[in-house]
Structure formats: structure tokens, C-alpha cells
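**Student:** My questions all concern the structure below.
Number of protein chains: 2
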Amino acid sequence: MKGRIAMLSPVAWRTPPRHYGAWETVAGNIAEGLVKSGWDVTLFATGDSITGARLHAVIDRGYEEDRSIDPKVAECLHIAEVFEHAAEFDLIHSHYDFMALAYTRLVTTPVLTTVHGFSSAQIMPVYNKYRDGNFVSISNSDRAPGLNYLATVYNGIDLSLYPLRARGGEALVFLGRIHPDKGAHLAIDVALRTGLPLLIAGIVQDRAYFNDHVEPHLNATIRYIGPVDAAGKNELFAQARALLHLNTIPERFGLVLAEANAAGVPVIAMDLGSCREVIEDGKTGFLVNGVDEAVLALQRVHEIDREACRARVQRCFSIETMVAGYEQVYRAIFERKATG
Amino acid sequence: MKGRIAMLSPVAWRTPPRHYGAWETVAGNIAEGLVKSGWDVTLFATGDSITGARLHAVIDRGYEEDRSIDPKVAECLHIAEVFEHAAEFDLIHSHYDFMALAYTRLVTTPVLTTVHGFSSAQIMPVYNKYRDGNFVSISNSDRAPGLNYLATVYNGIDLSLYPLRARGGEALVFLGRIHPDKGAHLAIDVALRTGLPLLIAGIVQDRAYFNDHVEPHLNATIRYIGPVDAAGKNELFAQARALLHLNTIPERFGLVLAEANAAGVPVIAMDLGSCREVIEDGKTGFLVNGVDEAVLALQRVHEIDREACRARVQRCFSIETMVAGYEQVYRAIFERKATG
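Protein chains in written order, with this note's numbering: chain A, 1 to 340; chain B, 1 to 340.
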């Protein structure tokens, strides 16, 4: 037994989520990987979660999936629960937003926070107060100055969910939240410019944006197919010439880029934020600075070696690599505690 | 020195608030009263608060007064701060909503929560989890089953702010949030039925309600004068024949009833919730069950002895009475801790 870990997943969605929910996906993947590696892991998540770890739940269902739940109430009960059990663990690994930081000084168990994203400038005062805590960034680009980062640990995916496909299809694929940040409208521009079919999948997070910038362009060639699970993603990957990820704000990590690459699908991504860390330009896809460059890059996708795409994901973005990264961070925390 | 008390006020508004803010008003009044009574009191409140206690602030201004602040961030930082300093106090007296309860099991300092109101059924799971804590209700009517109530302690007001007026005026006065719960529309019905002038004061909390049910009736006789402070309330009391408080949901306490009575103003209140505890029917006003009964009661307001109104407030709803009530609760907690 390597040690007792409390893994604090969010409770917006089930862990792992049915469709959307990157934070829950990653928390779940780490829990699974740690269990395989011999750790004693308790996953604090929604009651309908599925895990190889011990499940500890006080919230039955995700507050995004059951609107009768007040999110603030769910958060209070869920976060307090893990800290009330702190003495039973060697480490609390939080995937929660800033709210969990506010409890960290009330327990002696060390707390590690993976920062999955800074949702707004307004939350930074909380990070600033607790900046001496233990933090992991999910990419080198997504760091806030002044926080005590112990490492960058890239998110890892379950490669068995996304088998390598020797060849793709003709379509462009967009996979992500329908929100201006993710640039579905730019993917549509590329489709209109090239005449290539475009398949758009993901939850609609910004309804006005969908109505104004996506829906008017839908036709037999540009299709919106709703949110998809892993099986749905694989169906899209089978039809994909390339994944188009023309994000308009810095990406924090970009799980879907790794998922597409795992299936052998080249990725054309905006050179903003972490995309440069996930995609190797010219090897697993192309980094571009706008629609013009994306159109040009599409002429070169045949240069991408699909097996090289998967090999890079296996090496850099597998659950095993991620878990090894976290194990190193845990050990650093334990050693510091033992000597401090 | 009687002991070290941390008084946790909300940070929606300044303590004491400029206009609206019953929870902050009461927390501030208790802090002032305890200081006078010889306690060592630290008030956790906004940085612009005014207090005779020691002020401990991490939030500069109330989140209702400065929209650049994320309320959840302010709450996190503010609540965590008092619990991180728990060891410096003999008791934490929380006037916060359910969020503070989630920290109570992480410290050994006893926590007393005054429940100023259950804002919705959705928050009850938090109270249920922490039901074995220490609770005070602000009226006998506003209690949730199963909570460990140590006492009812009525809210106390600073009587010096509301001097007794030997006589009032001709107007009906409505004082409260402009929201269906507080029944401004029923006060307007009474004014229309009797032809008496009506002065309406308070913050507009429900704009649609104001637009649809208040504004259309405003004229030279029925006037809306906006939010008022203590001076503004006294101007209204000077013109008042009676205070009309025709609440449509159970009142939790009703500070304004005590304030009006302190000035000698008879109160006509709906017989719902705590009104029956604050108003002595036939002595300091009348309890009614609707507009018809309110109209009838107005014919009898001359029977109310204005000095008796003030005397009852002095006896039951003064800061001194409230503080004596809380001192008794504190002692019970200290004794239980000493023997437990």
C-alpha cells in the first residue's frame, strides 16, 4: 500500500461524466490509475459515480444533471465531507475550484490542488490567499503568477477508449462546448471556405451563440449532432479528415486534442495556450493563427503520420504517464512533511 | 472580561447597514451590546463596518454594494477567516447562512448559529447534517424541526434611534423590501379602500413586482420614497397613523414592527409567523388576516396607547434584553463544554 489518497472530484457531473465534464474525467482517470498502481484511493464524487476506488458520496447526482439541487448546497456538503474525514488520509487531492482552498488551513492533512482552470479574475483573491499551498498546473501555459506550483502534470486519457484507426474519412470534426471560446464559428468558416463537410458535437453552453452563429449555417454538409460520449467520439473520428480546434482564448489543456490524436486523427489547433504543448506542430497536427492558416494546413494533413499521433499520446498523455507524474508530486509532499 | 467572542456578520452589506440589511443590523447590535456588557468581541464583517468591537475584515465592501465582487468568493474568504482564527476565541457566533455550518466540525471552538431565516427548502440538507450544532431562533414561529435549538432570542433594536413621539400623523406607512412577501400591494389596497395617504419606503428587491403592482398606483396620495435609514424612518413615523405590515408569508421576526412601536406607532400586521410574538394584539397594534380586517383595525388605532407600545419594545426587544438572552445561551454552551 503506497498511501491513503482522498480524491475530491467536482459534483457538477457524475465521475466519469456521461458526456461533457473534463474535470470529473481527469479526477476519475487519476483515481483509476492510482488504484492500479497500488494506492488506497477514496473518490469523493456524486453517488452515481463509477470507480475502482472506494466511493464516498453525500450528493446523489450532479447538480448540472438534477436541477432540483442548489449547486452551492451541494458544494458545501461535498467539500466539507472530505475535510471532515481528513485525518483518515495521507493526502487530499482536490480537483475542486477555489472553494475547497478555503478549508485547507483547518486540517493538518496536506492538500494538493490541480488547477483545471481559473474561471474568472474575480476568483483570484482566493488563490492569492492560499498561494503557499500545493498546486499542479495542467499545462505550462495555464499558470498564475505567485502560486506554489510543484509541477505541470498533463491530463491523461484512457487510450483503450480511442483505438487507432488506420484511416479517417472526409469530414472536418468539431468537438467541444458550443461557446465562443471554443470557436465553432471558426470551424464553420473553414468548412464554408473549403466546401468540406463539418460535424459539430458538444453541449450547447451558450444558447444565443448557437442560435446566431451556428444554427443558421446548418445544412446537409454542416451538421450539429449534439453531445457525444466516447462511442460517439469514435464514430466521429472514423469519419474525420482532421479535428478542427480553433479556440479563441488560451486553451488550458485540451483533452479532445489528445483523444483525436489517440485515434490517429490529425488536429488543426489554434496556437493559443496549451495547444502547442499537446500538439507537436507538423507531427501530430498543425498549429495555426486563424482561419486562413487552418485552410492551408488542411492541404497538408496527409503529411501527418497517424501512428506517430497515437505514439505521442501514449508517451505524454496516457493515464500511466499522468499517474507517474502525480506520484512524483505526492512523494515530494510526503518528504517535505516528513522533514518539515 | 467575560470571554472572547468572534461575531460573524454577513458581508452582503456593511455592519450596520446603511439602509436594508436585517442580519447585519442584528449582528452589529449584539456586538455593541456585548462590548458594553464586558465581553471581548471581534466583529468579522466588511472593512467599512462601524463597531465598538475589534473589527476583523478581509472583504472591503459588501458584495451587494460593490458589484465587482463575486459573492461566493467574498463568502469563502470571509467565513474561512473566522474559522482559521477559531483558536483565539471561546465562541464563534455565526449570523451567516448555511455556508458557515460546513466549517463547524473542523474546529474545536464551539459555534452558535442564529438562524435569521431559511432562505429556501434547498438549503435544508445542510441544516439537517449539522442539526446537532447550537442554534438560536429569532422567534418561536421560525423554527425547523430537528435542529438543536438552545433558545429563542428576539432581535433587539437600539431604542435611542427611534424616540417616542407623543402623536403621529394621518398617513399609513409601509416599510420593507418591495417584494410580494412583504405585501406592499396589500397596503396599497388598504389605502385605496380608506382614501388615506400611504408612504412606501424600502429597497426594490423585485423589479417586476414594483412595476406591475406598486408603480401604477403611485400618485400624490400613494407615494414611494425609496430606501430609508433610521433618520428617514423617524420622518415616516412622525407622519404615521399606523404601520401597515401585511406580509404574505410567515414573518421570521419583523424588526420594523419593533422600530415603529418604539416610536409609539401602532402596527397593523398580518397574523402570520412571528407577528403575533412581536405585536400584542389590541395593545401595541392589531393582528389581522387580510385587507378587510386591516381596514376595520384602522378604525380602532386610537385605542392603542403609544407609551405602552414603547414600553413593550423596551422590555422585550431592546439590545439589552437580546444581549442578556445571548449571554444565557453562551453560558449554557460554556458549561456544557466544561462538563462534557
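The C-beta atom is built at its ideal place from N, Cα and C for all residues, glycine as well. Just so you know, these numbers come straight off a predicted model, no measurement behind them.
Under the assumption that A:Tyr127 contacts A:Ser139 (Cβ atoms under 8 Å), give the Cβ distance between them as a whole number of angstroms.
**Tutor:** 17 Å between Cβ atoms; not a contact.
**Student:** Check distances from the C-beta atoms of the segment 123-138 of chain B to those of chain A and list, in chain order, the residues that come in under 8 Å.
**Tutor:** Ile123, Pro125, Val126, Lys129
**Student:** Taking all protein chains shown into account, decide if A:Asn29 is buried (16 or more other Cβ within 10 angstroms of its Cβ) or exposed.
**Tutor:** Classification of A:Asn29: buried, given that the 10 Å Cβ count is 16 or more.
**Student:** Candidates A:Arg306, A:Thr221, A:Asp292, A:Glu293: which alpha carbon is nearest A:Ala258's?
**Tutor:** A:Arg306
**Student:** Between the segment 18-32 of chain A and the segment 40-47 of chain A, are three or more C-beta pairs nearer than 8 Å?
**Tutor:** A contact between stretches requires three or more CB pairs, one per stretch, nearer than 8 Å, and the segment 18-32 of chain A meets this requirement with the segment 40-47 of chain A.
**Student:** Does the segment 75-87 of chain A touch the segment 88-102 of chain B, meaning 3 or more C-beta pairs lie closer than 8 Å?
**Tutor:** With a cut-off of 8 Å, the segment 75-87 of chain A and the segment 88-102 of chain B count as touching, because enough Cβ pairs lie within range.
**Student:** Less than 8 Å between the C-beta atoms of B:Ala151 and B:Gly325, yes or no?
**Tutor:** yes
**Student:** What are the start and end residues of the alpha helix (DSSP H) that includes B:Ile50?
**Tutor:** Looking at the DSSP string, B:Ile50 is not in any alpha helix (DSSP H), and its letter there is neither H nor E.
**Student:** Is A:Val301 helix, strand or coil by DSSP?
**Tutor:** helix
**Student:** Taking Cβ positions only, does A:Phe83 come closer than 8 Å to chain B?
**Tutor:** So yes, A:Phe83 belongs to the interface.
**Student:** Report the neighbours of A:Val73 on chain B: residues whose CB is nearer than 8 Å to its CB, in chain order.
**Tutor:** Phe98, Gln122, Ile123, Pro125, Val126
**Student:** Shortest alpha-carbon distance to A:Gly282 belongs to which of A:Ala230, A:Ile268, A:Ile319?
**Tutor:** A:Ile268
**Student:** Any beta carbon of chain A sitting closer than 8 Å to that of B:Arg67?
**Tutor:** no
**Student:** Among residues of its own chain, excluding the 5 on either side of B:Asp90, which ones have a beta-carbon nearer than 6 Å to its beta-carbon?
**Tutor:** The beta carbon of B:Asp90 sits closer than 6 Å to the beta carbons of Gly3, Arg4 from its chain, once the five residues preceding and following it are set aside; these are given in chain order.
**Student:** From B:Gly273, B:Pro17, B:Ile319, pick the residue whose C-alpha is nearest to that of B:Gly62; which is it?
**Tutor:** B:Pro17
**Student:** Residue ranges of each alpha helix (DSSP H) run of no fewer than 4 residues wholly in the segment 162-220 of chain A, ordered along the chain?
**Tutor:** 184-194
**Student:** In the structure shown, what three-state DSSP assignment does B:Gly273 receive?
**Tutor:** Strand.
**Student:** Determine the chain A residues that contact B:Leu8 at a beta-carbon separation under 7 Å, and present them in chain order.
**Tutor:** Simply none; closest approach about 14 Å.
**Student:** When the cut-off is 8 Å and only beta carbons count, does B:Asp158 lie next to chain A?
**Tutor:** no
**Student:** Short check: CB of B:Ala262 to CB of B:Ile222, under 8 Å?
**Tutor:** no
**Student:** Could you please give the first and the last residue of the uninterrupted alpha helix (DSSP H) stretch that includes B:Met124?
**Tutor:** 124-129
**Student:** What are the boundary residues of the alpha helix (DSSP H) that includes A:Ala260?
**Tutor:** Run containing A:Ala260: 255-262, per the alpha helix (DSSP H) assignment.
**Student:** Buried or exposed for A:Arg207, going by 16 or more other Cβ atoms inside 10 Å?
**Tutor:** That one is exposed.
**Student:** May I have the straight-line CA-CA distance separating B:Gln239 from B:Val301, to the nearest angstrom?
**Tutor:** 14 Å
**Student:** For A:Val313, report the span of its alpha helix (DSSP H) as first-last.
**Tutor:** 306-316
**Student:** Under three-state DSSP, which class holds A:His78?
**Tutor:** helix
**Student:** Taking A:Gly47 as the reference, give the member of A:Leu34, A:Ile69, A:Arg14 with the closest Cα.
**Tutor:** Considering only A:Leu34, A:Ile69, A:Arg14, the residue with the shortest C-alpha distance to A:Gly47 is A:Arg14.
**Student:** Which of the three DSSP states, helix, strand or coil, is assigned to B:Phe98?
**Tutor:** helix
**Student:** How big is the Cα-Cα spacing for A:Ala308 and A:Ser119?
**Tutor:** Straight-line Cα distance between these residues: approximately 34 Å.
**Student:** Can you tell which of A:Cys275, A:Cys76, A:Glu64, A:Gln328 has its C-alpha closest to the C-alpha of A:Phe58?
**Tutor:** Here residue 58 of chain A turns out to be Val, not Phe, going by the sequence shown. If we check each option's Cα against that of A:Val58, A:Cys76 comes out closest.
**Student:** What residue does the beta strand (DSSP E) around A:Leu244 start on, and which one ends it?
**Tutor:** 240-245
**Student:** What residues in the segment 307-323 of chain A have a beta carbon less than 7 Å from any beta carbon of chain B?
**Tutor:** Contacts with chain B (Cβ-Cβ distance below 7 Å) from the segment 307-323 of chain A involve no residue at all.
**Student:** What does the Cβ neighbour count give for A:Ile157, buried or exposed, with the cut at 16 atoms within 10 Å?
**Tutor:** buried
**Student:** Does the beta-carbon distance from A:His93 to A:Ala6 come in below 8 Å?
**Tutor:** yes
**Student:** Kindly list the residues whose CB is nearer than 6 Å to the CB of B:Leu196, restricted to its own chain and excluding five residues on each side of it in sequence; keep chain order.
**Tutor:** Leu172
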